[in-house]
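The structure appears below as structure tokens.
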Amino acid sequence: MSAGAVPWRGLRRSAVVLLGGLAVAAGLGVLPLAADSAGSLALVAGGLAILFAAIELGDGFGLSRRWLVIAVPMLWFLVFFLIPFVVLGRISLSEVVIARPPYSPLWERGPNGELEIIASLDNYRFLLDDPLYVNAYLSSIKVAIVSTVFALLVGYPIAYYIARSPEPRRSVLLLLVILPFWTSFLLRVYAWIGFLRSNGVINNILMWAGVIDEPLVMMQTDFAVYIGIVYTYLPFMILPLYATLVKLDDALLEAAADLGATPTVTFLTVTLPLSMPGIIAGSMLVFIPAIGEYVIPALLGGPDTLMIGRVLWDEFFSSRDWPVASSVAIVMLIVVVIPIMWLQAVQNREAPE
Amino acid sequence: MTSPTIAANTRPWLDPAAKPFISIRHITKRFDDVTAVNDVSLDIFRGELFCLLGGSGCGKSTLLRMLAGFEVPTAGQILIDGQDMAGVPADKRPTNMMFQSYALFPHMTVEKNVAYGLLREGKSKAEAYQRVAEMLRLVKLEQYAKRKPHQLSGGQRQRVALARALIKQPKLLLLDEPLGALDKKLREETQFELIRIQETLGVTFIVVTHDQDEAMTLATRIGVMDEGVIRQVGEPREIYEAPNSRYVADFIGSVNLFEGKAGPAAPDLMRVETGDLGPVVVPPVEALVQGQNVWLAVRPERISLERHRPEGRANVVEGVVEDLAYGGHLTAYRVRLDNGRVISVTQSNRLRDEDPISWDERVFAIWQPGAARVLTK
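Top to bottom, those sequences are chains A and B. Numbering of the first sequence is given in the numbering used here, commencing with residue 10 and proceeding in unit increments. Numbering of the second sequence is given in the numbering used here, commencing with residue 731 and proceeding in unit increments.
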């Protein structure tokens, strides 16, 4: 270590202590702050304290700083995904009680000091027994699959067109795909209500044109939910598709034509297989958020639109049954993780050695 | 042996009655405001290995792509075996192309790549793969049938591309810089391999290349292209020995060019007054007017160097060896003449123990009257 590193060391150690202290103080509510700002402060100060402590420890063990590149995201993953997941898993094993927090401990000491285990898989069994949950999962998977297929059918031609466009136009088109992200997602879903409702834009135009006499019922149907999901997640489908299609070598298409393939056959035998990585990535990016979607079915769907995100919300906030809600969440996570693992397996197999 | 019919069979372009297999008639291709190919007319005969030779941007690839059907000519007509290609899409043409980048399908094995064209014809799988096996044997790749393109070396990929283009037994095979991506050694081997395959199958080849050595080795005839027009068409020897313009003389091989004025017409030998060399004697050229501007093209290997002034010889110039490069079989000299002009001379190294001419030696450069080619454009 160079001489210049030594004063840094002291500074870093005091930073760890100061920030750590600040985080603990904010977390315990000692500071004269509103609860939510105290919470944010605790989070930021705590995170920085852990980061500096990690650098300190790393240096202490003579590790190269390069591990930090991995360590920071790993730490993030640990704090914001793994720990909450463990907490969720723990809650899902307990029973609901009228208390604060509204779930039981996993074990208790009996009157004679013997250990009584309360933890059980009853909540999971309950999910399987009650058709509501099974149906909600199946219906969510169905909605997610149908939405993904439609997003693919709509997104593929758009991505293909953009990828085949000459350069200046291509950038403009890509910008147009990304542009909707600059307004609030909620606002855009609300805008669809204006389009879809009985006296909305679509019905008014159709009735004015004389195509229909009575307004079509589109709001509060599964159709509206599909529209909302496909619309919202379309850019996530288009961008990875575009990324693979733009790399497609024109010479391959010419070679196929040269060997006697009609444009349709060329598409099926060359373009489509070569864009598979984009299709898989785009489908995952639509399928995964769609399966747990809450806002879109809540705003556009009807009372019979059954989706697991809504069931989860109801369990947490209406029934206040945290253990069941937690087990619903864990099962949903598993349902989502399986396709991701499949994707990984496919990509590993496809990757050149 | 000397019967004219045999000569016409192997060199059909010498026979004015021979029917061309491919007729390119006044083909022009414009992209926006750039004219890539400008009124090109060309006849190519069955079984030829024709090379389109030119620098980048000369229009040779555009011409090839029009034959394949990837580009539509702005004007003109292309006939292949008597059939007009206008409006015939690439997938219906009796041509196949070997791409410069090879354009192998990366997601298919070698076998599937080669079978692709046959399966599009509606051949049964069994028949297609039977033919694929034969074709892979021809290009010596039978052990690699199950590999993917990224698992092959450059030379192997080149042969897969060739096999894939040949398997449909096209009437015409178009090759875009077929050896461009190979290293020198492999390129030389592959040149003869290409000729062997071409002769085995009897397919007509049109090869686009920027490499004059490649064109010389491969071609039955060469078309030299520049700025969208064909400057000269001829057999390799003709192009090299009898270029029709300074451009072609300079493009093929190296050459010393001297500007001069034609002397009076003479039955035996005529004189050209050059600025750099003084009077030079050349064989008589018809249709040359006295005083007309001409250029003399003399190949470096046609000039010999002597230490002493040869007696009673024409075309002798004196100078100093400024630089030389020993190349094993020959040595390339740069000789600075007394008027400052530098000429290139190559001498073959025939004897092991000769005393070679070296730097700064005073030398006399001599050439036969017939060694110089008189050019008027």
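Glycine included, every Cβ here is placed at the ideal spot set by N, Cα and C. Fair warning: this is a prediction, and the values are worked out from it, not measured in the lab.
How is residue i classed by DSSP in three states: helix, strand or coil?
i: residue 736/B; result: Any answer about residue 736/B is weak, because its pLDDT of 42 lies below 50 and its placement is not dependable; what the coordinates show is given next. Note: residue 736/B maps to helix in three-state DSSP.
i: residue 860/B; result: helix
i: residue 731/B; result: Caution applies to residue 731/B, whose pLDDT of 39 falls short of 50 and renders its modelled position unreliable; the model cannot decide the point.
i: residue 981/B; result: helix
i: residue 126/A; result: strand
i: residue 27/A; result: helix
i: residue 1087/B; result: coil
i: residue 11/A; result: Low confidence applies to residue 11/A: its pLDDT is 45, below 50, so where it sits in the model is not reliable enough to give any reading.
i: residue 142/A; result: helix
i: residue 990/B; result: strand
i: residue 1009/B; result: strand
i: residue 362/A; result: Unreliable positioning characterises residue 362/A in this predicted model, as indicated by a pLDDT of 41, which lies under 50. The coordinate reading is nonetheless provided below. If DSSP states are grouped into helix, strand and coil, residue 362/A belongs with coil.
i: residue 1022/B; result: coil
i: residue 888/B; result: helix
i: residue 269/A; result: coil
i: residue 765/B; result: strand
i: residue 207/A; result: coil
i: residue 935/B; result: strand
i: residue 327/A; result: helix
i: residue 972/B; result: coil
i: residue 55/A; result: helix
i: residue 878/B; result: coil
i: residue 340/A; result: helix
Of the residues the options, which one's Cα is nearest the Cα of residue i?
i: residue 963/B; options: 797/B, 883/B, 782/B; result: 782/B
i: residue 923/B; options: 957/B, 888/B, 970/B, 999/B; result: 888/B
i: residue 992/B; options: 977/B, 1014/B, 748/B; result: 1014/B
i: residue 226/A; options: 206/A, 243/A, 245/A, 241/A; result: 206/A
i: residue 314/A; options: 182/A, 302/A, 250/A; result: 302/A
i: residue 1133/B; options: 957/B, 1026/B, 1021/B, 1007/B; result: Because chain B spans 731 through 1107 in this model, residue 1133/B falls outside it and cannot be assessed.
i: residue 1016/B; options: 874/B, 1000/B, 775/B, 1010/B; result: 1000/B
i: residue 173/A; options: 137/A, 250/A, 312/A; result: 250/A
i: residue 983/B; options: 1079/B, 1031/B, 882/B, 1057/B; result: 1031/B
Can you pull the chain A residues whose beta carbon is under 8 Å from the beta carbon of residue i, in chain order?
i: residue 898/B; result: 268, 269
Residue i touches chain B at which residues, Cβ-Cβ below 7 Å?
i: residue 260/A; result: 829, 831, 833
i: residue 364/A; result: Nothing can be reported for residue 364/A, as the shown portion of chain A is limited to 10 through 362.
i: residue 226/A; result: By Cβ distance, chain B contributes nothing, its closest Cβ being about 46 Å from residue 226/A, past 7 Å.
i: residue 274/A; result: 850
i: residue 264/A; result: 829, 833
What in chain A is Cβ-close to residue i, meaning under 7 Å?
i: residue 798/B; result: 267
Against residue i, what residues of chain B qualify as contacts under a CB-to-CB distance less than 8 Å, listed in chain order?
i: residue 332/A; result: None at all; the shortest Cβ gap to chain B is about 49 Å.
i: residue 290/A; result: Here the premise fails: no neighbours, minimum Cβ distance about 16 Å.
So which residues on chain B does residue i lean against when the C-beta distance must stay under 9 Å?
i: residue 283/A; result: 835, 836, 837
i: residue 176/A; result: Residues of chain B passing the Cβ test: none, with the nearest at roughly 15 Å.
*Would you call the region 306–318 of chain A and the region 278–293 of chain A in contact, with 3 or more CB pairs under 8 Å?*
no
*Check distances from the C-beta atoms of the region 191–212 of chain A to those of chain B and list, in chain order, the residues that come in under 7 Å.*
none
_Near-chain A residues of the region 806–827 of chain B (beta-carbon distance less than 9 Å), N- to C-terminal order_ = 819, 820, 821, 822, 823, 825, 826, 827
_Using 8 Å as the cut-off, can you tell me whether the region 743–757 of chain B makes contact with the region 914–928 of chain B, which would need three or more C-beta pairs spanning the two stretches below that distance?_
no
*Positions along the region 842–864 of chain B whose CB lies within less than 7 Å of some CB in chain A*: If the cut-off is 7 Å between Cβ atoms, the region 842–864 of chain B has 846, 847, 850, 851 near chain A.
*asked:* Is it the case that the region 890–906 of chain B contacts the region 819–826 of chain B, given that we only count it when at least three CB pairs across the two stretches are under 8 Å?
replied: yes
*If contact means a Cβ-Cβ distance below 7 Å, which residues of the region 992–1012 of chain B contact chain A?*
none
*Got a sec: which bits of the region 922–935 of chain B sit with their beta carbon under 7 Å from any beta carbon on chain A, in order along the chain?*
none
*Using a Cβ cut-off of 7 Å, which residues of the region 298–327 of chain A contact any Cβ in chain B, in chain order?*
none
*Decide yes or no for the touch test of the region 780–799 of chain B against the region 931–945 of chain B: beta carbon pairs closer than 8 Å, at least 3 of them.*
yes
*So, do the region 878–893 of chain B and the region 808–823 of chain B have three or more beta carbon pairs nearer to each other than 8 Å?*
no
*Are there three or more Cβ pairs, one per stretch, closer than 8 Å when the region 215–231 of chain A is compared with the region 241–252 of chain A?*
no
_When you compare the region 1029–1044 of chain B with the region 1081–1096 of chain B, are there three or more beta-carbon pairs, one atom per stretch, that lie closer than 8 Å?_
yes
_Quick check: the region 942–959 of chain B against the region 794–802 of chain B, are at least 3 beta-carbon pairs closer than 8 Å?_
no
*Using 8 Å as the threshold, is the region 837–845 of chain B in touch with the region 861–871 of chain B, meaning 3 or more CB pairs across them?*
yes
_Three or more C-beta pairs below 8 Å linking the region 189–199 of chain A and the region 253–261 of chain A_ = no
*Between the region 148–168 of chain A and the region 264–272 of chain A, do at least 3 Cβ pairs fall closer than 8 Å?*
Remark: fewer than three beta-carbon pairs, one from each stretch, lie closer than 8 Å, so the region 148–168 of chain A and the region 264–272 of chain A are not flagged as touching.
*asked:* Between the region 351–360 of chain A and the region 869–882 of chain B, can you find at least three pairs of beta-carbon atoms closer than 8 Å?
replied: no
*Is the number of C-beta pairs between the region 314–323 of chain A and the region 333–347 of chain A that are closer than 8 Å three or more?*
yes
*Using 8 Å as the Cβ pair cut-off and three pairs as the minimum, do the region 127–139 of chain A and the region 96–108 of chain A touch?*
The answer is yes - the region 96–108 of chain A touches the region 127–139 of chain A, with three or more Cβ pairs under 8 Å.
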